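Everything in the sequence shown is counted per full-length UniProt numbering, starting at 1 for the first residue and increasing by one.
Notes follow once the structure below has been shown.
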Amino acid sequence: MAGLFESSGGGDWDEELAGDLVGSTLLVGLTYLDGEQRLLGRRQVFGRVVSCDPEDGIVIDAPGLDEAFVMAPMLEAVEVGEPGEYQLADEEAVVVDPDFVALLTVTRPSMA
């Protein structure tokens, strides 16, 4: 069965970081833009990484979601989390000392 994401087969996949992510907590910040770079919305997801694969993505078990959240396998967006408290924008939840954080911008294609 093919994964959700197409792997380029290149050497850019960081196996060590991928291994470190599994079992760790990850806070993902998503910004959604339209084709003209206008803000459509923001979302944050926090949970424990259950798997990390270049074809299946980064799978996060996020409390409060009905199913796992799947992030694109973009390890270059993942950084070690800074200690501290992170207030989730659309919830009253506070995340304390996440192991890793990732910031992603998702742009909707222009409808030309």
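We treat Cβ as the ideally placed atom computed from N, Cα and C, and that holds for glycine.
Quick caveat, the model's predicted, so the values are computed rather than measured.
Cα-Cα separation between residue i and residue j, rounded to whole angstroms
{"i": "Pro83", "j": "Ala18", "result": "21 Å"}
{"i": "Asp20", "j": "Ser51", "result": "10 Å"}
{"i": "Gly47", "j": "Asp61", "result": "5 Å"}
{"i": "Tyr86", "j": "Leu30", "result": "14 Å"}
{"i": "Thr25", "j": "Gln37", "result": "30 Å"}
{"i": "Glu91", "j": "Trp13", "result": "33 Å"}
{"i": "Ala68", "j": "Glu16", "result": "23 Å"}
Same chain only: Cβ atoms within 6 Å of residue i, ignoring 5 sequence neighbours per side
{"i": "Gly81", "result": "Pro98, Asp99, Phe100, Val101"}
{"i": "Tyr32", "result": "Leu40, Gly41, Val106"}
In DSSP terms, what residue i is bridged to
{"i": "Ala102", "result": "Val28, Val78"}
{"i": "Val50", "result": "Answer is none; Val50 lacks a bridge partner."}
{"i": "Gln39", "result": "Residue 39 is actually Leu in this sequence, not Gln. DSSP, once it has assigned bridges, lists Leu33 as partnering Leu39."}
{"i": "Glu85", "result": "Val96"}
{"i": "Asp56", "result": "For Asp56, which the question treats as bridged, DSSP gives no partner whatsoever."}
Backbone secondary structure at residue i - three-state DSSP
{"i": "Asp90", "result": "coil"}
{"i": "Gly23", "result": "coil"}
{"i": "Glu15", "result": "helix"}
{"i": "Leu33", "result": "strand"}
{"i": "Asp66", "result": "coil"}
{"i": "Met71", "result": "strand"}
{"i": "Thr107", "result": "strand"}
Other residues of its chain near residue i: CB distance less than 7 Å, five sequence neighbours each side excluded
{"i": "Pro109", "result": "Gly35"}
{"i": "Leu103", "result": "Gly29, Ala77"}
Proximity of residue i and residue j at Cβ, strictly below 8 Å
{"i": "Ala72", "j": "Gln44", "result": "no"}
{"i": "Val70", "j": "Val78", "result": "no"}
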